[in-house]
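Trainee:
There are 2 protein chains.
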Amino acid sequence: MQRTSLGDMACSLARSLDVAGEWWTPLIVRNVWFGARRFEEIQRDLGLSRKVLADRLRTLLAEGILERRPYQEHPVRHKYRLTPKGRELMQAFFALMAWGDRWTAEVAGPPMVLCHERCGEIVHGEVTCSSCGEPLRAEETRIARGPGARVGRGSRYVEHLPAP
Amino acid sequence: MQRTSLGDMACSLARSLDVAGEWWTPLIVRNVWFGARRFEEIQRDLGLSRKVLADRLRTLLAEGILERRPYQEHPVRHKYRLTPKGRELMQAFFALMAWGDRWTAEVAGPPMVLCHERCGEIVHGEVTCSSCGEPLRAEETRIARGPGARVGRGSRYVEHLPAP
Numbered sequence: 003m004q005r006t007s008l009g010d011m012a013c014s015l016a017r018s019l020d021v022a023g024e025w026w027t028p029l030i031v032r033n034v035w036f037g038a039r040r041f042e043e044i045q046r047d048l049g050l051s052r053k054v055l056a057d058r059l060r061t062l063l064a065e066g067i068l069e070r071r072p073y074q075e076h077p078v079r080h081k082y083r084l085t086p087k088g089r090e091l092m093q094a095f096f097a098l099m100a101w102g103d104r105w106t107a108e109v110a111g112p113p114m115v116l117c118h119e120r121c122g123e124i125v126h127g128e129v130t131c132s133s134c135g136e137p138l139r140a141e142e143t144r145i146a147r148g149p150g151a152r153v154g155r156g157s158r159y160v161e162h163l164p165a166p
Numbered sequence: 003m004q005r006t007s008l009g010d011m012a013c014s015l016a017r018s019l020d021v022a023g024e025w026w027t028p029l030i031v032r033n034v035w036f037g038a039r040r041f042e043e044i045q046r047d048l049g050l051s052r053k054v055l056a057d058r059l060r061t062l063l064a065e066g067i068l069e070r071r072p073y074q075e076h077p078v079r080h081k082y083r084l085t086p087k088g089r090e091l092m093q094a095f096f097a098l099m100a101w102g103d104r105w106t107a108e109v110a111g112p113p114m115v116l117c118h119e120r121c122g123e124i125v126h127g128e129v130t131c132s133s134c135g136e137p138l139r140a141e142e143t144r145i146a147r148g149p150g151a152r153v154g155r156g157s158r159y160v161e162h163l164p165a166p
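Sequence lines, in order, name chains G and Z.
Just remember that this note's numbering sits 2 ahead of the position in the first sequence, which is counted from 1.
Just remember that this note's numbering sits 2 ahead of the position in the second sequence, which is counted from 1.
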């Protein structure tokens, strides 16, 4: 597949998308998270080609988002599961699922709900401030130069900003 | 551009990706959020083709994520800005940026940082539980049938789950 790499852009959103931004990738992570852990199961559920799935799984293993172990020897078959990096990525996807529930769900309501085992409630993910704990609204947040800022694509505005 | 639509999948993550999952879209939203609001500015910063940018902007307007107003008459030129739906999408992207800062940043550190005007601190987005406020960790959260669940692609597992 020909595509521009975003991995060299000095932006963590771009770099995240370079790993996780392609459509199937988040859905594969979702499937492994909720228990579809074998190649055949994922393929049947998502209805993507075996070739594309094999390709995406290879990337997810190489990126350390998934790990696998054999569950059968002849022929060898693997089960996939999320690494800590993968589990944190799924956590970020909860925020995107909540946005989808709010803005894209049908009249019937959200197709899936999340149960938080810690509190026992039906919940959704909220994006809150790591410092004050309030919702981190886009209109109350601004960007500043980080320590890893550098001149380049996707950084035109950031490079002119003062450090915070 | 030929691609399978995910919009008919009974999954809010899939539906979100159908709108926002394609690489350039989140970066365009990011640019408009931090102040690159004109076509030329976005195009120059991200280094994508005019054709692709025009196409993505059209989708973002149609989806109600961006809105625009003219800032010049001859010829007509527009400034883009985020709608409430777009601002909430940006908020979800803060979670993905935080993941990228943690797992993909270079040794120098994150290229950009977020300042929360509400509390005045350098912060990052955390995905927390809408009910108890604790971090919504993937390993402490499980999925259940929602009111909009239905049989179909991407729902194989969910359709067999009990309602919560």
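Beta carbons: idealized from backbone N, C-alpha and C, even for Gly.
1. Which residues bound the alpha helix (DSSP H) around G/Thr143?
2. If I'm right that Z/Ser157 touches Z/Ala165 with Cβ under 8 Å, what's the distance once you round it to whole angstroms?
3. Cβ of Z/Ser132 within 8 Å of Cβ of G/Pro112?
4. Nearest by alpha-carbon distance to G/Arg155: which of Z/Val129, Z/Met11, Z/Tyr73, Z/Trp26 is it?
5. Taking the straight line between their C-alpha atoms, what separation do you get for Z/Leu8 and Z/Ser18?
6. Three-state secondary structure (DSSP) at G/Arg120?
7. Between which two residues does the alpha helix (DSSP H) containing G/Pro28 stretch?
8. Under DSSP, the alpha helix (DSSP H) around G/Glu42 begins and ends at which residues?
9. Compile a chain-ordered list of the residues in the region 130–149 of chain Z whose CB is closer than 8 Å to at least one CB of chain G.
10. Can you tell me the Cα-Cα spacing of Z/Asp10 and Z/Arg32, whole angstroms?
11. Indicate the three-state DSSP secondary structure (helix, strand or coil) for G/Pro86 in the structure shown.
12. Using CA coordinates, which residue listed in G/Leu163, G/Ala94, G/Ala100 is at the minimum distance from Z/Met99?
13. Starting from G/Gln45, find everything on chain Z with Cβ-Cβ shorter than 8 Å and list it in chain order.
14. Let me make sure I understand the geometry here. Which of G/Ala16, G/Ala22, G/Leu163 has the alpha-carbon closest to that of G/Glu90?
15. Counting contacts by CB-CB distance shorter than 8 Å, is G/Ala107 in contact with chain Z?
16. Tell me the rounded alpha-carbon separation between Z/Thr61 and G/Pro137.
17. With 8 Å set as the bound, which would you pick, yes or no: does the beta-carbon of G/Leu68 sit closer than that to a beta-carbon of chain Z?
18. Throw me the rounded Cβ distance for the G/Cys2 and Z/Ala146 pair, which I believe falls under 8 Å.
19. So, is the C-beta of G/Val54 closer than 8 Å to a C-beta in chain Z?
20. Taking the beta strand (DSSP E) that Z/Val129 belongs to, which residues open and close that run?
21. Which residue's Cα is closest to the Cα of Z/Lys81: Z/Ala97, Z/Cys134, Z/Leu163, Z/Arg70?
22. Quick one: give me the first and last residue of the alpha helix (DSSP H) that Z/Arg60 is part of.
23. Helix, strand or coil: which one does DSSP assign to Z/Val78?
24. Counting only C-beta atoms, is Z/Lys81 closer than 8 Å to chain G at any point?
25. Distance cutoff 8 Å, beta carbons only. Does G/Ala12 sit that close to anything in chain Z?
26. Could you tell me which chain Z residues have their CB closer than 8 Å to the CB of G/Ala38, listed as they occur along the chain?
27. Return the residue from the list G/Ala107, G/Gly127, G/Glu24 that minimises the CA-CA distance to G/Val54.
28. CA-CA distance, G/Val160 and Z/Met114?
29. Could you compute how far the alpha carbon of Z/Leu84 sits from the alpha carbon of Z/Phe36?
30. Pull out every residue of the region 89–105 of chain G whose Cβ sits closer than 8 Å to any Cβ of chain Z, in chain order.
31. Who are the Cβ neighbours of G/Pro72 in its own chain at under 6 Å, not counting the five residues just before and after it?
32. Could you compute how far the alpha carbon of G/Arg40 sits from the alpha carbon of G/Ala56?
Mentor: Per the coordinate set shown:
1. Counted from its first residue, the first sequence places residue 143 of chain G at position 141. Segment 143–147 is the beta strand (DSSP E) holding G/Thr143; no alpha helix (DSSP H) there.
2. In the second sequence, residue 157 of chain Z corresponds to position 155, counting from 1. In the second sequence, residue 165 of chain Z corresponds to position 163, counting from 1. Their Cβ separation, rounded to whole angstroms, is 14 Å, which puts Z/Ser157 and Z/Ala165 out of contact at 8 Å.
3. For the purposes of this step, residue 132 of chain Z is taken as the residue at position 130 of the second sequence. For the purposes of this step, residue 112 of chain G is taken as the residue at position 110 of the first sequence. It is not a contact, given that the beta carbons lie outside the stated cut-off.
4. For the purposes of this step, residue 155 of chain G is taken as the residue at position 153 of the first sequence. When each option's Cα is compared against that of G/Arg155, the closest is Z/Trp26.
5. Within the second sequence, numbered from 1, the residue matching residue 8 of chain Z stands at position 6. Within the second sequence, numbered from 1, the residue matching residue 18 of chain Z stands at position 16. Straight-line Cα distance between these residues: approximately 9 Å.
6. The sequence position of residue 120 of chain G within the first sequence is 118, counting from 1. Note: G/Arg120 maps to coil in three-state DSSP.
7. Here residue 28 of chain G is taken as the residue at index 26 of the first sequence, counted from 1. Its alpha helix (DSSP H) spans residues 26–36.
8. Working through the first sequence from its first residue, we reach residue 42 of chain G at position 40. 41–48 is the extent of the alpha helix (DSSP H) around G/Glu42.
9. Thr130, Cys131, Ser132, Ser133, Cys134, Gly135, Glu136, Pro137, Leu138, Arg139, Ala140, Glu141, Glu142, Thr143, Arg144, Ile145, Ala146, Arg147, Gly148, Pro149
10. Here residue 10 of chain Z refers to the residue found at position 8 of the second sequence. Here residue 32 of chain Z refers to the residue found at position 30 of the second sequence. Computed Cα separation, rounded: 26 Å.
11. Working through the first sequence from its first residue, we reach residue 86 of chain G at position 84. Three-state result, G/Pro86: helix.
12. Here residue 99 of chain Z refers to the residue found at position 97 of the second sequence. Of the listed residues, the one whose Cα sits closest to Z/Met99 is G/Ala94.
13. In the first sequence, residue 45 of chain G corresponds to position 43, counting from 1. Here the premise fails: no neighbours, minimum Cβ distance about 11 Å.
14. Stepping through the first sequence from its first residue, residue 90 of chain G is reached at position 88. It is G/Ala22.
15. As a working note, residue 107 of chain G is residue 105 in the first sequence. Answer yes: the Cβ-Cβ gap between G/Ala107 and chain Z drops below 8 Å somewhere.
16. Along the second sequence, read from residue 1 onward, the residue named residue 61 of chain Z stands at position 59. Along the first sequence, read from residue 1 onward, the residue named residue 137 of chain G stands at position 135. One C-alpha to the other measures close to 27 Å.
17. Locating residue 68 of chain G in the first sequence gives position 66, where the first residue counts as 1. No - not a single Cβ of chain Z is within 8 Å of the one on G/Leu68.
18. Only positions 3 to 166 of chain G appear in this structure, which leaves residue 2 of chain G out of reach.
19. In the first sequence, counting from the first residue as 1, residue 54 of chain G sits at position 52. By this cut-off, G/Val54 is not an interface position.
20. Translated into positions along the second sequence, residue 129 of chain Z becomes position 127. Taken as a continuous stretch (DSSP letters only), the beta strand (DSSP E) holding Z/Val129 covers 127–131.
21. Translated into positions along the second sequence, residue 81 of chain Z becomes position 79. Of Z/Ala97, Z/Cys134, Z/Leu163, Z/Arg70, the residue nearest in Cα terms is Z/Arg70.
22. In the second sequence, the residue the question calls residue 60 of chain Z occupies position 58. That run of the alpha helix (DSSP H) goes 52–64.
23. Mapped onto the second sequence, residue 78 of chain Z falls at position 76. Correct three-state label for Z/Val78: coil.
24. If you number the second sequence from 1, residue 81 of chain Z lands on position 79. No, because no Cβ of chain G sits closer than 8 Å to the Cβ of Z/Lys81.
25. In the first sequence, counting from the first residue as 1, residue 12 of chain G sits at position 10. Output row for G/Ala12: interface = yes.
26. Mapped onto the first sequence, residue 38 of chain G falls at position 36. Chain Z residues near G/Ala38: Arg158, Tyr159.
27. As a position in the first sequence, residue 54 of chain G is number 52, starting the count at 1. Per the Cα distances, G/Glu24.
28. Taking the first residue of the first sequence as 1, we reach residue 160 of chain G at position 158. Taking the first residue of the second sequence as 1, we reach residue 114 of chain Z at position 112. C-alpha separation (whole angstroms): 7 Å.
29. Here residue 84 of chain Z is taken as the residue at index 82 of the second sequence, counted from 1. Here residue 36 of chain Z is taken as the residue at index 34 of the second sequence, counted from 1. Whole-angstrom Cα-Cα distance: 10 Å.
30. Arg89, Glu90, Leu91, Met92, Gln93, Ala94, Phe95, Phe96, Ala97, Leu98, Met99, Ala100, Trp101, Gly102, Asp103, Arg104, Trp105
31. Indexing the first sequence from 1 puts residue 72 of chain G at position 70. Here the set comprises Val78, His80.
32. Taking the first sequence and counting its residues from 1, the one referred to as residue 40 of chain G is at position 38. Taking the first sequence and counting its residues from 1, the one referred to as residue 56 of chain G is at position 54. If you take the alpha carbons of G/Arg40 and G/Ala56, they lie about 12 Å apart.
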